[in-house]
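The structure appears right after this line, and notes come after that.
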Amino acid sequence: MLPCTGRIDESLLLKAFENGADGVMVVGCLEGDCHYVSGNIRARARVKRVYEILDKIKIGPDRIRMFNLSAGEGSKFAAYANEFVGKIRELGPSPINLARGGQVHAASQKETT
Amino acid sequence: MKGNLDGFSGSTEHPTAAVLVIGGGISGMQSALDLANAGIKVYLVESSPAIGGKMAQLDKTFPTNDCSMCIVSPKLVEVGRHRNIDLFTHSEVKGLTGEPGHFTATVVRHARYVDIKACTGCGLCEIVCPVTQISHFPALPAEGEKKTRARAKEKSIIKGPGLPRPVTSHKWTFSVETTACGMCGGCHKACLHGAVSWEKKQVAVIDQEKCTGCGACFLACPDKFKAIAIADAPDLDKSLGAAVQARSQLLKKEFAGTEQKDCIRCGLCAVTCDKVMNIGALKMVEEGIEAGVDICQVCGACASVCPVNFLSIDQVTNKTPRPLLNSFNEGLNGRKPINIHYPQAVPRVPVIDEKSCVRLNTGACGICGSLCGVGAIHYDHREEETEIAIGSVIFSPGIEVFDAGRRGEFGYGLYKNVVTSIEFERLLSASGPTSGTVSRPGDSKHPKKIAWIQCVGSRDHSCDRDYCSSVCCMYATKEAFIAREHDASIEPTIFYIDMRSFGKNFDNYVTRAKDHKVRFIRAMVSRIFEDPVTGDLELRYVDGSGERQAETFDLVVLSVGIQVPQKAKELAGKLEIDLDRYGFVVTDGYQPLATSRPGIFVSGAVKGPKDIPETVCEASAAAEAASASLAAARGSLITAEALPPERQILPGEELRIGVFICHCGTNIASVVDVEKVVEYAKTLPGVAYAEHPLYTCSQDSQERMREIITEHRLNRVVVSACSPTTHEPLFMSTLRQAGLNKYFFDMANIRDQCSWVHPDDPGLATEKSKRLTRMAVANATAGEPLQEMEFTVDSKLLVVGGGLAGMTAALEAARQGFGVYLVEREPQLGGQLLHLQRSNDGRRFVDFLADLKEKVLHNDKIRVFTSSEVVEQSGFVGSFETEIVMPTGGTRTLKHGAILVATGAEEYRPEIHGLGWLDTVMTQTDLEAELEKEPKPQWQKLRVAMLQCAGSRDAEHLPYCSRICCNQAVKNGRRMKTLYPEARIDVLYRDMRCYGLSELDYAAARREGVNFIRYDPEENPVTITAMESGIDISVIDPSIRTEVRLKPDILVLSTGMKPRDAEELASMLRVPRNDAGFFIEAHAKLRPVDLPSEGLYMAGTAHGPKSSSETIVQAQAAVARAVTLLSRKSMKMSGVVSVVDPTNCAVCLTCVRACPYGVPFINDQHSAEINPALCQGCGICVAECPAKTIHLGRYDDRNIRAKIESYSGT
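If you read the sequences in order, they're chains A and B.
Under the working numbering, the first sequence has 52 at position 52, and the numbering climbs by one with no breaks.
Under the working numbering, the second sequence has 616 at position 616, and the numbering climbs by one with no breaks.
What follows is the structure in structure tokens.
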């Protein structure tokens, strides 16, 4: 849990992959409704950069995605989580985990809000 | 009317610095918080079991579509935890005696039967309570008579499709106690499985091989022997009822998803009816269950314990069952007699309903009491009366919705698919009865076509609701909008009379709704007919062209108006305050918060219909009005928390983490194996102690946590329990009370994120709990003590703008005991009010203004600077410095703790229709001035045309609605009619937006002969030619559908209001304004007078167009908000703020640009610096800093890295 998605940066997102995450979802406030004015817009840009990096290093860009939700949308959150986990299951373990061979977390994910 | 402002200010010596707030809705909560945060003790009395009021029932709020519960719940928690607010829920005020400053109130706490202090809100009682219906309890025996059970005369056998199929899973073991056996053979006869062998004068013996565990023998054994013993029944040590529930739960799990239609002869229904409810109406027979339908008390317990839904309540009784309905969900679903008002309720403590609880009515059952883990249930509670001493009272009991059944033509109550708007609100709500799925109550079908009918119980003389309810146009638009968000195939239609979207950004919202395919039809629906087969509804109405129309809808929502509840009227009677004929509290426009009884103030919709921000604003204002006369005693009745000194953690001190894994009753422990998680936690590095409390948050657990911290010399604490949003502050304060820095803490949410979402996979839920706990432990390990900086607060207030808002604010702040600087750009005080003549009730503003000015100028706490302007501004909350230029050209620096912006607005004067060059064309304000001059004989038969929205709601002029013009036209029209009865007045309007009680003035104007003609700029435009030779107007009058030509002598334009130039001020203060130039509030709903930066407030028309009375309310509200700051000697800032480590700062300015609040700056040491008093703690700069040299306590890279690294560890 973070005060704002504006707090995360690329290195932390990549750190999650380095530490065995097969996918990372970043969940922030609805755009235009950021509690801290513009943090989620900045987060979106950072997620996009990580997306490009993941693409370039062949880990797969679709392993990261940003979602926007209001605090009252629990069921939507669940739907997003299920959808994303489904997607990651399709993609399978991340190449980092495959390369390491050992500990593979099927469709593990990290949530930040 | 004698108001409070002059009535008793300063007349009481040593007043009681406490206020009684009646009503715990958003109004009462806001008043309570503003008072308590300003050093005044608060007693908050709420009649329902929890605070929150109507707002808690709403799904979303207009015009921002914010989730209502999300924004109100932090307030609920704050009120619930505030040490200077004493909460009386499920309570009522019985009487009030005494004088302003020294009242005594009698408050009755109704028996709740649950101890608020002991209860942890786990909700187990509600789950285990088997009662679902309004029972017909057996008559109590007359005095001296022995209680006997009724015997059934009428019996009915309930059968399934096949014969019962006895199950033996989770079976109880029955055995005969030889010493107690009466050898009667009852058990032998009762057993349907031949498992009991018995011979005359012999003790019965149960063959365990044959026994299915149905308990027929147990029920047959006469009470005088009680010879059948039960074993192997979980929870039997608590009570038989508890054991029944335990087995029922296990069997329900086993049969979940199976298509079992036959009785499984578990015997739980019969055992419950006989031994738990003490009725004995059910008996197991060969074919199924035999029910004594005449003696059934219709409690519903048998059906709720039945694991396979074999029994339904209507089969076991000859009476019509009436389910207990959940009032919070507007009766759309059921509830139990023991019930938590709503999931986020504060206090989250159930109440037992005296009318429906079996235990309270017959002495039977008592399951909840036997199962409550903390012993919080007390069936012997009685109501308690308390006397409290207070200085003033705020009356804010709130409103209820109109009884839609009174408009018979709409069939509410008869047609299942006709619902009220508040019911629809619950249907939309994610936490409502349908979990946010829009479905028809009649058949659960998803409706496609939904109609809203406006003004049901508003603007309606026939049911004595002549007033406008103010909120319905907007809430209907919102509901239509949100319904489409839930299901894009929904086609919403709103039938309305006038679209009264008069508030800030409301018109934009309606436009957005139109863009989102919400259809608006201006028509009054005359009747609804239901198709009895499909449940669809046909609406009949007459359209704009006069044609009769009929259209079929799947669901109809009645936009019910609001009204004062009878109970509130009765309470007002006890308090001796005057009400109008509709029950609204009567107030004076100049003292809008004061009731007829000095010392009692009013706020919220009980004073007239209003929306949430206006209510919040009034609530703050009422807090200000109620506390001004108590200011001398401020702080005398509040208590501050005494804390031990903080223990210094030495560098290199051994890590000693304490981990608490919460059961949350069964909330967590029924899914997650908490003991395993504890064992696992003990293996984590640094963990010195771990345990699993039943309820970590309960008072005794918190006590114990404090002891454990000391005893085990813990230096970090981790709690794995529920949501940090609600519980983290509690645990952190416990740490602090134990002498630990409160930031040596982290929390994992294993309830919401594990047990609640993965109930079907306990194994994985346990693994996930371990992982979340591991991450929290890692984060706590990385934790650092954070200091909360303390700043001194300058107690003076700077008010910018000396109009009505600024002067009122200055005077009120002075009454509150604070010094004020009042800066006005013009040579004289008064602002826009100088140009206006009379208030809506006909009093002259000039007298009022003179009095107000006099008071301001002669108040020794107020320093007035006229012809002066703010030129420079610096500092931060509590300690601002502002430079002003005075008429001499000299400057002066003012030091103050808060700023109140009241720069106002003025009349818009567009060059249209000859305004400015024709004498015959004027604005409403010009006309008002003309009407004050000597009577003009030539005006006796004057023809006047008034054009509404002349330059308002017009993209080329003012795009917004100016809110006041309709009322101003009505006021001037009526005044004209009074002075010149023969004059002809035609008002050309788009929507008459005479909201709230001003609808009554509008209706009066129509009665008095003012003529109203509706136009529409697109569909029915007005053609106006205004020349020196005369004015010519033509328009089609929709009411007669004929072109009307008017040749008025004068044309009066309702031009609206535009904000005064405040661009420079706004940029100096770094506060935003909207496109029109009005200041933007910190939160459109709940912080309507706060500006987004701390310590800055606003009032009056600088915020948006409003009436004089509304301006006074806002000024008082802004003062109340400022006083919560100014009344403190010092203030503490959150420890979670960004700090720049100058060593690596490259002065690249990235942080300066990234901060949404403009806080970072480059200091004279050539490094970026962040003022901790201004930092909001979002961490955006931390993420952006390329040198990674900005740190945010608690959310620093080290913390997040620690969590990420521990995530994959084992």
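Quick reminder that beta carbons are idealized off the backbone N, C-alpha and C, glycines included.
Around the C-beta of B/M524, are 16 or more other C-beta atoms found within 10 angstroms, so that it is buried, or is it exposed?
Exposed is the call here.
Cβ shell of B/I22 (< 8 Å), same chain only, five flanking positions each side left out:
Excluding positions up to five away in sequence, the list reads G28, V45, V93, V393, I394, F395, S396, P397, L571.
On the premise that B/V176 lies in contact with B/A118, defined as a C-beta separation below 8 Å, what is that separation, rounded to the nearest angstrom?
Not a contact, Cβ separation roughly 40 Å.
Spatial distance of B/N859 from B/C994 (CA atoms):
The straight-line gap separating the alpha-carbon atoms of B/N859 and B/C994 is approximately 37 Å.
Cα separation between B/Q828 and B/I884?
Straight through space, the alpha carbons of B/I884 and B/Q828 are spaced by roughly 17 Å.
Would you kindly report the start and end of the unbroken beta strand (DSSP E) that includes B/G292?
Element bounds for B/G292: 288-292.
Chain B beta carbons: is any one of them nearer than 8 Å to that of A/S94?
Using beta-carbon distances, A/S94 does not count as an interface residue toward chain B, since no partner is under 8 Å.
State whether the stretch 830-838 of chain B contacts the stretch 801-812 of chain B, with contact taken as three or more CB pairs (one from each stretch) at a distance under 8 Å.
By the Cβ test, the stretch 830-838 of chain B is in contact with the stretch 801-812 of chain B, since at least three Cβ pairs between them sit closer than 8 Å.
Going by alpha carbons, who is nearest to B/P898 out of B/Y689, B/Q753, B/R1121?
The sequence given here places Ala at residue 898 of chain B; Pro does not occur at that position. Minimum Cα distance to B/A898 is reached at B/R1121.
Run through chain A and tell me which residues come within less than 8 Å of B/R1201, C-beta to C-beta.
Taking a Cβ-Cβ threshold of 8 Å, the residues of chain A close to B/R1201 are L12, K15, in chain order.
Contiguous beta strand (DSSP E) assignments of at least 3 residues, all confined to the stretch 1049-1126 of chain B:
Counting only runs that start and end inside the stretch 1049-1126 of chain B, the beta strand (DSSP E) elements of at least 3 residues fall at 1050-1053, 1057-1059, 1096-1098.
Please go through the same chain and pick out, in chain order, the residues whose beta-carbon is closer than 7 Å to the beta-carbon of B/R1070, but skip the five residues on each side of it.
Close CB contacts of B/R1070 within its chain, under the 7 Å cut and outside five residues either way in sequence, are with S1093, G1158 (chain order).
Which residues, in order along the stretch 786-807 of chain B, keep a beta-carbon less than 8 Å from a beta-carbon of chain A?
Residues: none.
List the residues of chain B whose Cβ lies closer than 7 Å to the Cβ of A/V37, in chain order.
The answer, in chain order, is P1156.
What are the start and end residues of the beta strand (DSSP E) that includes B/Y541?
Residues 537-542.
Beta-carbon proximity of B/C357 to B/I338, cut-off 8 Å:
Yes, Cβ-Cβ distance for B/C357 and B/I338 is below 8 Å.
Measure the C-alpha to C-alpha separation of A/L13 and A/V24 and round it to an integer number of angstroms.
C-alpha separation (whole angstroms): 8 Å.
For a test of the three-state rule: what should DSSP assign to B/M992, helix, strand or coil?
Note: B/M992 maps to coil in three-state DSSP.
Taking DSSP's pairing of strands, which residues face B/E767 in a bridge?
Secondary-structure assignment with DSSP links B/E767 through no beta bridge to anything.
A/I8 in three-state terms, based on DSSP
Shown here, A/I8 sits in coil according to DSSP, grouped into three states, outside any helix or strand.
Is there at least one Cβ from chain B nearer than 8 Å to A/L117's Cβ?
In the structure as shown, chain A begins at 1 and stops at 113. Residue 117 of chain A is therefore absent and cannot be evaluated.
Contact list for A/E83 against chain B, beta-carbon separation under 7 Å:
Per Cβ cutoff of 7 Å: no residues; A/E83 is ~15 Å from chain B at best.
To the nearest angstrom, how far is the alpha carbon of B/T888 from that of B/R975?
So the two alpha carbons sit approximately 44 Å from each other.
For chain A, is any of its Cβ atoms less than 8 Å away from the one on B/D460?
For B/D460, the closest Cβ of chain A is not nearer than 8 Å.
Where the beta strand (DSSP E) through B/H1191 begins and ends:
Note, B/H1191: beta strand (DSSP E), 1190-1192.
DSSP three-state call for B/G123: helix, strand or coil?
Looking at B/G123 - three-state DSSP - the assignment turns out to be coil, as it is neither helix nor strand.
Tell me, please, whether the stretch 46-65 of chain B touches the stretch 419-430 of chain B by the rule of three or more beta-carbon pairs shorter than 8 Å.
Touching, yes.
Give a yes or no on whether the C-beta atoms belonging to B/N417 and B/G300 are separated by under 8 Å.
Against a cut-off of 8 Å, the Cβ pair of B/G300 and B/N417 comes out as no contact.
Take every Cβ of the stretch 288-299 of chain B, pair it with every Cβ of the stretch 316-328 of chain B, and state whether three or more of those distances are shorter than 8 Å.
Yes: at least three Cβ pairs fall under 8 Å.
Could you compute how far the alpha carbon of B/T882 sits from the alpha carbon of B/V800?
Distance between the alpha carbons of B/T882 and B/V800 is about 11 Å.
Going by C-alpha to C-alpha distance, which of B/V510, B/R247, B/K224, B/K941 sits closest to B/M215?
Checking the sequence shown, residue 215 of chain B turns out to be Gly, not Met. Ranking the options by Cα distance to B/G215, first place goes to B/R247.
Give the interface partners of A/N74 over in chain B, defined as CB-CB distance under 8 Å, in chain order.
With the sequence shown as reference, residue 74 of chain A is identified as Gly, and Asn is not the correct amino acid for it. Neighbours of A/G74 in chain B, taken as residues at a C-beta separation under 8 Å, are given in chain order as A430.
Could you tell me which residues DSSP pairs with B/E530 in its beta bridges?
B/L537, per the DSSP bridge assignment.
Using only CA atoms, which one of B/Q702, B/A281, B/T212 lies nearest to B/F137?
Minimum Cα distance to B/F137 is reached at B/A281.
DSSP beta-bridge partners for B/H102?
B/H102 is bridged to B/E99.
If you reduce the DSSP assignment to three classes, tell me which class B/I562 lands in.
Three-state result, B/I562: strand.
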